[in-house]
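Number of protein chains: 2
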Amino acid sequence: MADKRKRRRPDPDSDSDSDTRPFKHLLKPDTTILSSLTTLAASTAASSSKTLTLSDLRLSAACREVSDLPPSAVQSAIESLAVSLARSILSGQGFSFTVPSRSSANQLYVPELDRIVLKDKTSIRPYSSVSTVRKTTITTRILHLIHQLCLKNIHVTKRDLFYTDVKLFQDQTQSDAVLDDVSCILGCTRSSLNVVAAEKGVVVGRLIFSDNGDMIDCTKMGMGGKAIPPNIDRVGDMKSDALFILLVEKDAAYMRLAEDRFYNRFPCIIVTAKGQPDVATRLFLRKMKMELKLPVLALVDSDPYGLKILSVYGCGSKNMSYDSANLTTPDIKWLGIRPSDLDKYKIPEQCRLPMTEQDIKTGKDLLEEDFVKKNPGWVEELNLMVKSKQKAEIQALSSFGFQYLSEVYLPLKLQQRDWL
Amino acid sequence: MADKRKRRRPDPDSDSDSDTRPFKHLLKPDTTILSSLTTLAASTAASSSKTLTLSDLRLSAACREVSDLPPSAVQSAIESLAVSLARSILSGQGFSFTVPSRSSANQLYVPELDRIVLKDKTSIRPYSSVSTVRKTTITTRILHLIHQLCLKNIHVTKRDLFYTDVKLFQDQTQSDAVLDDVSCILGCTRSSLNVVAAEKGVVVGRLIFSDNGDMIDCTKMGMGGKAIPPNIDRVGDMKSDALFILLVEKDAAYMRLAEDRFYNRFPCIIVTAKGQPDVATRLFLRKMKMELKLPVLALVDSDPYGLKILSVYGCGSKNMSYDSANLTTPDIKWLGIRPSDLDKYKIPEQCRLPMTEQDIKTGKDLLEEDFVKKNPGWVEELNLMVKSKQKAEIQALSSFGFQYLSEVYLPLKLQQRDWL
Chain V
4 MADKRKRRRP
14 DPDSDSDSDT
24 RPFKHLLKPD
34 TTILSSLTTL
44 AASTAASSSK
54 TLTLSDLRLS
64 AACREVSDLP
74 PSAVQSAIES
84 LAVSLARSIL
94 SGQGFSFTVP
104 SRSSANQLYV
114 PELDRIVLKD
124 KTSIRPYSSV
134 STVRKTTITT
144 RILHLIHQLC
154 LKNIHVTKRD
164 LFYTDVKLFQ
174 DQTQSDAVLD
184 DVSCILGCTR
194 SSLNVVAAEK
204 GVVVGRLIFS
214 DNGDMIDCTK
224 MGMGGKAIPP
234 NIDRVGDMKS
244 DALFILLVEK
254 DAAYMRLAED
264 RFYNRFPCII
274 VTAKGQPDVA
284 TRLFLRKMKM
294 ELKLPVLALV
304 DSDPYGLKIL
314 SVYGCGSKNM
324 SYDSANLTTP
334 DIKWLGIRPS
344 DLDKYKIPEQ
354 CRLPMTEQDI
364 KTGKDLLEED
374 FVKKNPGWVE
384 ELNLMVKSKQ
394 KAEIQALSSF
404 GFQYLSEVYL
414 PLKLQQRDWL
Chain A
4 MADKRKRRRP
14 DPDSDSDSDT
24 RPFKHLLKPD
34 TTILSSLTTL
44 AASTAASSSK
54 TLTLSDLRLS
64 AACREVSDLP
74 PSAVQSAIES
84 LAVSLARSIL
94 SGQGFSFTVP
104 SRSSANQLYV
114 PELDRIVLKD
124 KTSIRPYSSV
134 STVRKTTITT
144 RILHLIHQLC
154 LKNIHVTKRD
164 LFYTDVKLFQ
174 DQTQSDAVLD
184 DVSCILGCTR
194 SSLNVVAAEK
204 GVVVGRLIFS
214 DNGDMIDCTK
224 MGMGGKAIPP
234 NIDRVGDMKS
244 DALFILLVEK
254 DAAYMRLAED
264 RFYNRFPCII
274 VTAKGQPDVA
284 TRLFLRKMKM
294 ELKLPVLALV
304 DSDPYGLKIL
314 SVYGCGSKNM
324 SYDSANLTTP
334 DIKWLGIRPS
344 DLDKYKIPEQ
354 CRLPMTEQDI
364 KTGKDLLEED
374 FVKKNPGWVE
384 ELNLMVKSKQ
394 KAEIQALSSF
404 GFQYLSEVYL
414 PLKLQQRDWL
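Protein chains in written order, with this note's numbering: chain V, 4 to 423; chain A, 4 to 423.
Here's what the structure looks like:
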């Protein structure tokens, strides 16, 4: 670039290596950025060791969470339950299940844990009542099926489970709901029951792990990446020399970073659920965070759904709150695209989208949520979004060239430690 | 199983190895099934060598198809086009594009090829007309952007492309439509333009291939499998000792087969797009078929959409008919679940679903399609479906035990060479 005559006129789309792209000139050498990331990784690892639990807060009596159990433990739990039920029948006490309530009235956000958990309300599900006899039968049948799955140690989907007895279950929502009840009754996660969700996430970058006994090196997964396995209990032996985990909302941004092998310039693990987080990706992210003790930086759209997705990863969805400890990844940082980035990075007006009435309502609702309120920086950003009534997708950065995301925006964000 | 007292009462859900599962007793040793599959593979390889093309049919003048071109060739094609446009302007002929028509009136089903292709109708898109000036400008801009992509040899999504000039494109449907026009103008596939679709397919089994320079062994991809790369031009070096490719409609069935490592018992490659086929999976399947010359057996739901999905893989979707030669996989066999299987395999009544009015209409419409009509076996099955007004998902087989699909149904299908 010494020969100035070769310089072309500024062209935001030229995607060339000239310095005309906005803010490119602010970038320092990669070594500077890397040393800052090393500090972040070290401090995250140090703070990760003191993870709070319900019992630390002396809430374990009043609140309920489930934990991962091996198949043999689930099997024993079901057998013990069967024995106690038989005893109850023989002693004339009858046949009934005690089921923890999963209703929203029984849910509690615990700020210290930054998670939603279940309170201690339970209900009795007796076989001898006309109103509960069906549900009691379904519960018994699901317990029987889960026992078989754990015995053979195979994994099935909720849909498979439903089809084993359509006559009894009638509708998949019925077997699904009882499956969640069974998780709560046995005190174990749904994945411990060997019932798994369809996976749609992918991972690429500086991570080596075992999937069902095969060692996977995610730096050697090309551009497609490795599909995240549906059964987290067969995932193990995680090793990494990454400095952070980059959680990406969308497929297109993931693809850009994978093709550019962003993880080689800044050692990281790139993971995406391609939109709405699925259970398998949430479990996988949590496992990475827990085992590798790396900071998690999130790249989402600048709209209420971007923040909502971040919150599902971070503190769980309401309908699986009993499992929040195992599904959520604490301390996710909001890297971008943040509402304040729109002006800061001079995103052209035509690449911003007006928020719909529904968007604005969702944004305002989020401002009332505990997990947003506890982070003043997020509140500020969300207020700005709702006030400006503008949103933008990650792809809006393509207006400065296709590789602006991987070559300027993200490196600059990392350099400036610009996350909340 | 010698001790008969140990035999439990027949229980379709017991998932045990006893012989009580329907049709299990019909299964011959795997070696018998394997030798039958070897014959199938050999005959497929022999017939694959004589693939017909448009020019074999002397239709190349009247019909139009596009082909895969390397980035350098696309770049040259754009440069030649630019030069010819400049010449036209300088000679006083003005500035206009000649664009092949992609309308359904210009589409033709060629039975010999079993594909939809474009006829030779074109339209003129002059810059000097008020009605086409915008579209001409968009076409020029897209050509400019594609030229950049090919020069740098990077891949982007349609969404990225749209965001490079929102002011001009206004709406993504406009840049998407012109992108298809540009494919037709240059005579190359959309993937040659380095514009790729989001991938969602996965592959597992007896396949080794390179993805962006990394060698991938799909027998070592655990249960999650390998995500199919979005950019087929970086996929190569395919090697396999499989006897067939098993194309699976749904995620859950894929998962069952991956966990049971079905491909080790019957050497095969298992691939799924998790529902509606995406472009990346269609390209990948075709590439496997062409390079490995293996038979493709399809496992889809027994409903009109299952057959429709099969047809998209087999002979293309109407809105990308110009690209049908590169996107379609000829000679896919319909393995199951077929309407006749419902009675043959005694699928319980409660696991069958009634077809809706819309289902029945879709089924009747399919009976009018050329690609169905040319296969009498398919017509017969579809007639049976429409007459019985019953459909069933692959998962309905779970009513005989979770592993019935991988342990009885599929092996028996293969043994009986029961495909159409």
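Think of the CB as a built atom: it goes at the ideal place given N, C-alpha and C, for glycine as much as any other residue.
{"Check": "Alpha-carbon to alpha-carbon, Ser194/A and Asp346/V", "Outcome": "35 Å"}
{"Check": "Contacts of Cys354/V in chain A (Cβ-Cβ under 7 Å)", "Outcome": "Tyr166, Val169"}
{"Check": "Candidates Leu37/A, Pro25/A, Leu30/A, Glu115/A, of which the one nearest Leu246/A by Cα", "Outcome": "Leu37/A"}
{"Check": "Cβ pair Tyr325/V, Val77/V closer than 7 Å", "Outcome": "no"}
{"Check": "Proximity below 7 Å, CB of Asp236/A to CB of Phe212/A", "Outcome": "no"}
{"Check": "Three-state class that DSSP yields for Ala245/V in the structure shown", "Outcome": "coil"}
{"Check": "Closer than 9 Å at the beta carbon, the chain V residues around Gln78/A", "Outcome": "Here the premise fails: no neighbours, minimum Cβ distance about 14 Å."}
{"Check": "Chain-ordered chain V contacts of Ile235/A [CB-CB under 7 Å]", "Outcome": "In chain order: nothing, as chain V lies at least about 10 Å away."}
{"Check": "Rounded Cβ spacing between Thr101/A and Ile127/A (contact assumed at less than 8 Å)", "Outcome": "6 Å"}
{"Check": "Uninterrupted alpha helix (DSSP H) stretches inside the region 162-238 of chain V (no shorter than 4 residues)", "Outcome": "169-172, 175-189"}
{"Check": "Contact list for the region 388-419 of chain V against chain A, Cβ threshold 7 Å", "Outcome": "Gln398, Ala399, Ser401, Ser402, Phe405, Gln406"}
{"Check": "Pair within 7 Å by beta-carbon distance, Gly2/V and Arg24/V", "Outcome": "In this structure chain V extends from 4 to 423, so residue 2/V is not present and cannot be described."}
{"Check": "Inter-residue spacing [alpha-carbon to alpha-carbon] between Asp254/A and Leu152/V", "Outcome": "19 Å"}
{"Check": "Minimum C-alpha distance to Val205/A - residue among Asn329/A, Leu260/A, Ile363/A", "Outcome": "Leu260/A"}
{"Check": "Limits of the unbroken beta strand (DSSP E) element including Lys336/V", "Outcome": "335-339"}
{"Check": "Cβ-based neighbour list, Leu154/A, same chain, cut-off 7 Å, excluding 5 preceding and 5 following", "Outcome": "Gln78"}
{"Check": "Lys290/A in three-state terms, based on DSSP", "Outcome": "helix"}
{"Check": "Short CB-CB distance (under 7 Å) between His158/V and chain A", "Outcome": "yes"}
{"Check": "Positions along the region 231-255 of chain V whose CB lies within less than 7 Å of some CB in chain A", "Outcome": "Ile231, Pro232, Pro233, Asn234, Arg237, Asp254, Ala255"}
{"Check": "Proximity winner among Ile141/V, Leu417/V, Ala283/V, relative to Arg234/V (alpha-carbon distances)", "Outcome": "For clarity, residue 234/V is Asn in the given sequence; the question names Arg instead. Nearest C-alpha to Asn234/V: Ala283/V."}
{"Check": "Candidates Ala399/V, Ser409/V, Gln418/V, Val411/V: closest to Gln175/A by CA position", "Outcome": "Ala399/V"}
{"Check": "Best match in Ser91/A, Leu116/A, Thr42/A, Pro103/A for proximity to Asn329/A [C-alpha to C-alpha]", "Outcome": "Leu116/A"}
{"Check": "Assumed close pair Ser305/V, Asp244/V - CB separation to whole angstroms, cut-off 8 Å", "Outcome": "So it is not a contact: roughly 31 Å between Cβ atoms."}
{"Check": "Within 7 Å, strictly: CB atoms of Leu30/A and Pro414/A", "Outcome": "yes"}
{"Check": "Interface residues of chain A facing Met291/V [CB-CB closer than 9 Å]", "Outcome": "Within 9 Å Cβ-Cβ: nothing; Met291/V doesn't reach chain A, min ~14 Å."}
{"Check": "Thr56/A classed as buried or exposed, judged by whether at least 16 other C-beta atoms fall within 10 angstroms", "Outcome": "exposed"}
{"Check": "Distance, Lys138/V Cα to Tyr130/V Cα", "Outcome": "8 Å"}
{"Check": "Gly208/V beta carbon less than 7 Å from that of Tyr257/V", "Outcome": "no"}
{"Check": "Classification of Leu196/A by the beta-carbon crowding that lies within 10 angstroms, buried from 16 upward", "Outcome": "buried"}
{"Check": "Span separating the alpha-carbon of Gly228/V from that of Thr222/V", "Outcome": "8 Å"}
{"Check": "Cβ of Arg162/A within 7 Å of any chain V Cβ", "Outcome": "yes"}
{"Check": "Local conformation of Gln418/A per DSSP, three classes", "Outcome": "helix"}
{"Check": "Anticipated Cβ contact below 8 Å, Tyr166/V with Cys354/A, distance rounded", "Outcome": "6 Å"}
{"Check": "Counted within 10 angstroms of its Cβ, other Cβ atoms place Leu60/A as buried (16 or more) or exposed", "Outcome": "exposed"}
{"Check": "Min CB distance Glu82/V to chain A below 7 Å", "Outcome": "no"}
{"Check": "Minimum Cβ-Cβ distance from Asn215/A to chain V less than 7 Å", "Outcome": "yes"}
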